[in-house]
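A.B. asks: Here the sequence shown is numbered in the numbering used here, starting from 2 and rising by one per residue.
Cβ coordinates follow ideal geometry from the N, Cα and C atoms, glycine included.
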Amino acid sequence: MKKGFIKLVACALAGMFLLGGCDVLPKGTDGPYEVPLTITADFTKKEGKGGNWVTYGDSKIQLKDGKALVTDRKASNDGIAIPCPDYRGNTINASATVSSANDSVTISMRYDIYGNVSYVNIAGGATTESGETTISGNVDIPANAQNALIYIEASDVRDITVSAFSVSVVGDFNDLSGTPVEELADPTKTASLSAAYADYFKFGVATPTTVYTNSNDSFKKLVLAQFNSVTPENELKPENVLDAATTKADPEKYNECPAVHFDAAKPILDFCKENGIQMRGHTLVWYSQTPSWLFYENYDVNGQLASRDLMLKRMENYIDAVMNWCEENYPGVIYAWDVVNEAAADDGGMRDCYWKQTIGDDYVEKAFEFARKHGPSGVQLFYNDYNEYQTSKQEDILKMLKPIAEAGNIDGMGMQSHISSGLNVDNYIAAAKRYADELGVVIHITELDVTAPKSLNSMYDQGVYMKKLFEAIIQADKDGVPIECVTVWGLTDDMSWKSATKPLLFYGNLSPKPAYEGVMCAVNGGDVAKPADYVEPVTDTTPFVEDYEDQKFIGGPRYSSVQKIVEGGYESKYCLENTEGYAEYDGYSIDVTQYAGHVIHISFAIKSKAPSCKCTADIDGVWPNIAEVQTGTDEWVLGEGDFEIEEGTASLTIYFESTDMSPFYLDNVEIKAMN
Ligand code: 9MR
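Written out as structure tokens, the structure reads:
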């Protein structure tokens with residue numbers, strides 16, 4: 002179907018379009034017209050004159066030599082955009098070639114669904130002022146998304162030069178133009194999660210302001226019916242709280258005490274106050290969504306970074322101002338603050354960031370000290386992070402937080418829990434228990450979303466996993482692990498920051514998903530109902546055998562590795578060559594879901610210059626070794642191992658890797674069920 006142009010019915014959307022007109026649609030057309038499957042920004046044409054681009058936010062755009070120079074950016078998300086309202090319900094690829102003095106540039110998507118605005122990061126890349134960087138990535142636009150546009154933003158407010166920018170449909174075009182958005186389900190008809198969990202913990206949700214400012218009040222009603230804790234998804238982050246205009250207009254006056262305002266958060270705070278719902282404040286000190294000007298002398302990013310002393314004053318005054326403004330204006334509404342967010346690095350130790358660069362490694366300790374000193378009494382102070390259940394990151398977090406706990410300056414550990422249904426529930430609970438035991442703090446699960454498995458009955462399988470997960474959380478709570486709140490990171494799948502993975506409890510039209518049912522079954526008993534279109538999974542114990550003599554392979558790359566059949570097999574002509582990964586854990590991956598409920602035996606021949614090679618099960622958060630063999634001699638080595646795949650596993654792969662990224666060669670891979 003994706004051939005050239007698709008005929009569409011005329012421009013119903015053009016009239017609705019909010020952001021300065023859509024050049025893509027032919028002017029003056031009131032009959033059928035053609036919509037291109039690629040939209041390319043033309044920087045020889047001014048805005049509104051057929052160049053397919055619009056200004057995004059407060060920036061100014063100058064056109065020069067076929068490029069767009071994006072200047073006067075007040076916030077990191079001020080940039081330039083390509084509107085693509087007709088692409089809803091499609092996967093699109095967005096690509097941009099940019100240069101910038103900002104550390105990094107990101108392509109993001111904005112859309113609204115029933116009046117709620119969502120933002121999704123599509124792709125990012127490090128940038129320099131002198132050289133060009135091309136960034137590209139794919140994203141699914143939800144079927145009900147209105148006014149979708151793709152925009153370029155950057156880590157701070159410096160200029161961005163864009164020399165190319167385009168958006169294209171990937172795969173077959175799904176024509177939803179002229180199709181009305183789905184009707185919303187009645188939000189008051191679904192039993193309440195927070196009521197069902199009243200004996201255990203608060204049940205919370207993260208939402209954007211638009212849920213409360215929207216003329217469509219269904220979303221607000223769903224929040225009211227279901228949840229008793231709310232987290233503003235973005236509205237209390239420094240980029241929304243710091244008052245850039247006021248602070249920068251008089252840098253001398255505000256030198257030690259940046260000005261703040263709460264315009265973005267007020268509607269959510271009002272809602273919580275009026276309805277007696279409590280709020281988690283998110284977040285005071287973070288490396289991200291914090292404008293870089295905060296860290297410079299005179300708030301000028303072209304000058305010098307501010308000194309430790311000055312940044313300590315700014316941090317202390319900011320924490321004091323924000324916590325106390327909220328308490329004074331909305332007494333008792335905020336019961337917990339994420340004082341510091343994501344200070345641990347993904348690859349060990351502390352994350353490098355402006356806070357660390359200006360203040361030093363003790364910035365986390367200082368933030369908690371200030372929050373304790375100035376925070377209203379009774380408001381709980383949390384550290385919040387992701388991948389927090391992974392052993393090595395947990396070690397780093399515990400090391401960082403122990404002195405803070407000893408000083409009595411922290412009350413809670415926020416386990417974000419952006420997980421997938423591959424995560425081993427026991428390991429997750431063990432991590433929660435360890436934080437509570439070793440730090441003497443309470444636990445909030447702060448940002449739960451669970452990537453649905455790519456299985457035949459994906460939504461049902463996700464529901465079954467949710468039941469298992471929440472049964473374990475309830476049991477841990479009963480066993481004394483102080484879990485006091487579980488917050489899901491978004492109201493509906495369509496509103497999620499990773500909507501393509503369908504990670505939440507409600508569908509876009511507000512009807513409950515099997516995931517919701519799983520959560521309810523965990524507390525009320527019963528099983529997730531199989532949907533009418535349920536497909537019985539086949540457990541097929543036929544052995545998997547690959548000797549590559551037919552020059553074919555069934556598995557595929559894990560992340561960015563490349564597979565090729567080459568000559569020189571183990572006692573045979575051909576084998577599989579694996580090259581070009583970006584990390585040692587890129588490798589060759591084989592789906593073993595069909596053996597769910599069995600112990601499998603894996604045997605293989607492998608050859609590599611790496612000191613060792615491994616065969617590992619790919620479970621989110623833990624990667625159990627099935628077999629490790631010493632290589633390095635460039636001779637074939639035989640390996641084998643057993644692995645038990647839990648019954649009901651919805652999706653599982655195993656993968657082979659070399660432990661130092663050297664190419665490796667694989668032959669005679671055999672997997673068979675042992676029971
Ligand atoms: O859900 C938030 C999304 O709307 C923002 O674009 C994004 C920007 O970083 O932040 C998302 O929320 C993050 C949260 O504040 C901290 N943990 C990770 C969350 C998902 O990225």
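Check whether the Cβ atoms of Ile678 and Ala127 lie closer than 9 Å to each other.
C.D. replies: Beyond the ends of the chain as shown, which are 2 and 676, falls residue 678; an answer cannot be given.
A.B. asks: Kindly indicate which residue of Pro664, Arg74, Phe665 has the alpha-carbon position closest to the one of Asp157.
C.D. replies: Distance check between Asp157 and each of Pro664, Arg74, Phe665 places Arg74 closest, using alpha-carbon atoms only.
A.B. asks: Report yes or no: do the segment 659-676 and the segment 538-546 share at least 3 C-beta pairs separated by less than 8 Å?
C.D. replies: yes
A.B. asks: To the nearest angstrom, how far is the alpha carbon of Ser308 from that of Gly205?
C.D. replies: 39 Å
A.B. asks: Would you report the Cα separation of Ala76 and Gln381, rounded to the nearest angstrom?
C.D. replies: 30 Å
A.B. asks: Using the Cβ count rule (16 or more neighbours within 10 Å means buried), how would you classify Asn458?
C.D. replies: buried
A.B. asks: Whole angstroms are fine: how far does the CA of Pro377 sit from the CA of Gly300?
C.D. replies: Inspection of the sequence shows that residue 300 is occupied by Tyr rather than by Gly. Straight-line Cα distance between these residues: approximately 29 Å.
A.B. asks: Can you tell me which of Thr208, Met312, Glu236 puts its alpha carbon nearest to the alpha carbon of Cys258?
C.D. replies: Met312
A.B. asks: Secondary structure at Glu370, three-state DSSP: helix, strand or coil?
C.D. replies: Here Glu370 sits in helix by DSSP.
A.B. asks: Judging by CA-CA distance, which residue of Phe605, Gln595, Ile601, Thr632 is the nearest neighbour of Ser613?
C.D. replies: Thr632
A.B. asks: What's the C-alpha gap between Met351 and Asp362?
C.D. replies: 8 Å
A.B. asks: Going by DSSP in three states, Gly464 sits in which element: helix, strand or coil?
C.D. replies: Residue state, collapsed to three classes: helix.
A.B. asks: Quick one: what does DSSP say Lys267 is sitting in, helix, strand or coil?
C.D. replies: helix
A.B. asks: If you draw a straight line from the C-alpha of Lys254 to the C-alpha of Leu295, how long is it?
C.D. replies: 14 Å
A.B. asks: Which word fits Ser652, buried or exposed, when buried means at least 16 other C-beta atoms lie within 10 angstroms of its C-beta?
C.D. replies: buried
A.B. asks: For the pair the segment 164-174 and the segment 92-99, tell me if three or more CB-CB distances fall below 8 Å.
C.D. replies: Yes, the segment 164-174 is in contact with the segment 92-99.
A.B. asks: Counting Cβ pairs, one atom from each stretch, are 3 or more of them under 8 Å apart for the segment 555-565 and the segment 573-581?
C.D. replies: yes
A.B. asks: Looking at ligand 1, does it come within less than 8 Å of Tyr387, judged from the CB to the closest heavy atom?
C.D. replies: yes
A.B. asks: Using the Cβ count rule (16 or more neighbours within 10 Å means buried), how would you classify Thr30?
C.D. replies: In this predicted model, Thr30 has a pLDDT of only 44, less than 50, meaning its place in the structure is not dependable; the value taken from the coordinates is given anyway. Exposed.
A.B. asks: Excluding sequence positions up to five away, which residues of its chain have a Cβ less than 6 Å from the Cβ of Trp287?
C.D. replies: Excluding positions up to five away in sequence, the list reads Asn342.
A.B. asks: According to DSSP, is Asp347 helix, strand or coil?
C.D. replies: coil
A.B. asks: Over the uninterrupted beta strand (DSSP E) stretch that includes Val171, give me the two end residues.
C.D. replies: 161-171 is the extent of the beta strand (DSSP E) around Val171.
A.B. asks: Would you list the one or two residues that DSSP bridges to Ile444?
C.D. replies: DSSP lists Met414, Ile484 as partners of Ile444.
A.B. asks: If distances are taken between C-alpha atoms only, which option among Tyr115, Phe166, Val121 comes closest to Asn145?
C.D. replies: Tyr115
A.B. asks: Apart from the five residues on each side of it in sequence, which residues of its chain come closer than 6 Å, Cβ to Cβ, to Asp592?
C.D. replies: Thr654.
A.B. asks: Residue range of the alpha helix (DSSP H) that Ile360 falls in?
C.D. replies: 355-360
A.B. asks: Whole angstroms is fine: what's the gap from Ser393's alpha carbon to Val106's?
C.D. replies: 29 Å
A.B. asks: Which residue comes first and which comes last in the alpha helix (DSSP H) that contains Asn626?
C.D. replies: Per DSSP, Asn626 is not a residue of any alpha helix (DSSP H); the beta strand (DSSP E) it occupies stretches across 626-631.
A.B. asks: Give a yes or no on whether the C-beta atoms belonging to Glu647 and Ala611 are separated by under 9 Å.
C.D. replies: In terms of Cβ geometry, Glu647 and Ala611 do not form a close pair [threshold 9 Å].
A.B. asks: What does DSSP give as the partner residues of Pro181 in its beta bridges?
C.D. replies: None, per the DSSP bridge assignment.
A.B. asks: What residues are listed by DSSP as bridge partners for Ala207?
C.D. replies: Beta-bridge partners of Ala207 (DSSP): Thr232.
A.B. asks: At the level of alpha carbons, what is the spacing between Gly509 and Tyr364?
C.D. replies: 40 Å
A.B. asks: Are the beta-carbon atoms of Pro504 and Ala453 separated by less than 9 Å?
C.D. replies: For Pro504 and Ala453, yes; Cβs fall inside 9 Å.
A.B. asks: Which one of Asn410, Leu449, Ser456, Ile420 has the shortest CA to CA distance from Val442?
C.D. replies: Asn410
A.B. asks: Is the CB-CB distance between Tyr390 and Ser421 below 9 Å?
C.D. replies: no
A.B. asks: Is any heavy atom in ligand 1 found nearer than 8 Å to the beta carbon of Ala207?
C.D. replies: yes
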